[in-house]
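Asks:
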Amino acid sequence: MDERAMNDQGEAITDDGLIGGRLRLLQPARGHRAGHDAVLLAASVPESARRAVDLGAGVGTAGLAVALRLPQAGITLVEIDPALAELAARNAARQQPDMAGRVRVVAADVALLARPAGPAEPAPAGADLVLMNPPFNDPARHRRSPSAGRARAHSAEDGELEIWLRAADRLLEPGGSLRLIHRPEALATLLELLGRRAGAITIRPVHPRPDAPAIRVLVGAVKGRRTPPALLPALVLADAQGRPTPQAERVLRGGEGIGEG
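Numbered as in our numbering, the sequence shown ends at 268 without a single skipped number.
1) CB-CB under 7 Å to R233, same chain, minus the five flanking residues each way: which ones, in chain order?
2) How is I82 classed by DSSP in three states: helix, strand or coil?
3) Could you tell me which residues DSSP puts in a beta bridge with A221?
4) Since R76 and G264 should fall inside the 8 Å C-beta cutoff, what is the C-beta to C-beta distance between them, to a whole number of angstroms?
5) Among all the DSSP beta bridges, which residues are the ones paired with L136?
6) For L238, does the count of other Cβ atoms within 10 angstroms reach 16, so buried, or fall short, so exposed?
7) Would the beta-carbon of L33 fall within 9 Å of that of L25?
8) Q102: buried (16+ other C-beta within 10 angstroms of its C-beta) or exposed?
9) My parser needs the beta strand (DSSP E) runs of 3 or more residues fully inside the segment 19-78; what are they?
10) With distances taken from CA atoms, which of G133, G182 and P217 is nearest L244?
11) Examine the Cβ distances between the segment 91-98 and the segment 120-137 and report whether three or more of them are shorter than 8 Å.
12) Buried or exposed: where does P35 fall if 16 or more other Cβ atoms within 10 Å of its Cβ makes it buried?
13) Classify P129 as buried or exposed, calling it buried when 16 or more other Cβ atoms lie within 10 Å of its own Cβ.
14) What are the start and end residues of the beta strand (DSSP E) that includes A114?
15) At what residues does the beta strand (DSSP E) containing V213 begin and finish?
16) Just the C-alpha distance for A255 and G261, rounded to the nearest angstrom, thanks.
17) My output table needs one value for A92: the three-state DSSP class, helix, strand or coil.
18) Taking a contact to mean a Cβ-Cβ separation below 9 Å, would you say I188 touches V229 in this structure?
19) Count the other CB atoms within 10 Å of the CB of R190; is the residue buried (16 or more) or exposed (fewer)?
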């Protein structure tokens with residue numbers, strides 16, 4: 008391959024495959040790495056999405072997985088780290104021939120989106136879908152990673168979640184949908200924050216095995232709706248013997264959607 012083995016900062020870059028090798032990603036060898044969370048998030052996006060924004064996109068994993076599954080969808084990838092944003096643009100260019108034309112990359116702080124001091128794109132109320140894999144860990148409760156990139160991706164005060172949700176609200180058109188993945192411990196906070204500006208909230212637990220507690224929740228909401236929350240059927244990643252379940256195989260290797268919830 009002619010792709011560089013180093014980025015502009017001299018850091019090692021790897022070339023990896025997800026979704027059965029159909030999604031090729033250049034990503035830093037150290038720090039935050041693409042994984043199942045991004046693929047699960049992308050699989051939760053409804054097939055009706057046409058104008059999507061991926062917040063905190065990293066090297067583009069979730070947004071590009073959406074573009075791979077939904078050939079009619081345009082995707083804006085928003086990433087604060089310029090080096091990761093540059094990799095996201097390269098990753099978009101090396102996928103299907105038409106994907107680069109449907110994918111825009113914006114290097115920006117989520118907090119500035121759809122504000123006068125922020126970038127012109129993505130525009131206020133211009134998206135019918137916002138997806139996000141927000142920082143998971145409150146540094147007051149979890150040790151921060153020594154890798155700056157991993158720490159940025161995985162650590163944030165709980166209050167930062169509201170910043171991301173406010174940005175999503177500004178970006179979404181009335182009736183637009185939000186999709187995010189988070190830890191089960193964040194559900195109470197998510198329900199409180201989402202309830203201020205959205206409804207039709209859906210919660211899909213993700214279990215590593217049938218007998219194990221959920222390790223993630225896939226959460227959806229609709230801007231401006233006020234219908235009650237719904238608990239959706241769980242996604243179980245492996246059976247009791249540790250073998251991937253058929254549904255997990257279809258989603259993680261086949262690139263299929265999980266459902267409209």
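From the three backbone atoms N, C-alpha and C, an ideal C-beta is built for every residue, glycine too.
Replies: If we stick to the structure as given:
1) Counting only Cβ-Cβ distances below 7 Å, and skipping sequence neighbours, we find G206.
2) Shown here, I82 sits in a strand according to DSSP, grouped into three states.
3) For A221, no pairing in a beta bridge is given by DSSP.
4) That belief holds up - the Cβ atoms of R76 and G264 are roughly 6 Å apart, short of 8 Å.
5) The beta-bridge partner set that DSSP reports for L136 consists of A59 and S184.
6) It counts as exposed.
7) By the CB criterion at 9 Å, L33 and L25 fall outside the cutoff.
8) Q102 comes out buried.
9) With a minimum length of 3 residues, the continuous beta strand (DSSP E) runs that stay inside the segment 19-78 are 20-25, 30-35 and 58-62.
10) When each option's Cα is compared against that of L244, the closest is P217.
11) Touching, no.
12) Buried is the label assigned to P35, since at least 16 other Cβ atoms lie within 10 Å of its Cβ.
13) So P129 ends up on the buried side.
14) First-last of the beta strand (DSSP E) with A114: V110 to A114.
15) Per DSSP, the continuous beta strand (DSSP E) segment holding V213 begins and ends at A205 to H214.
16) Rounded to whole angstroms, A255 and G261 show a C-alpha spacing of 9 Å.
17) If DSSP states are grouped into helix, strand and coil, A92 belongs with the helices.
18) Their beta carbons are not under 9 Å apart, which means I188 does not touch V229 by this criterion.
19) Using a 10 angstroms sphere on the CB of R190, the tally of other CB atoms stays under 16, which defines it as exposed.
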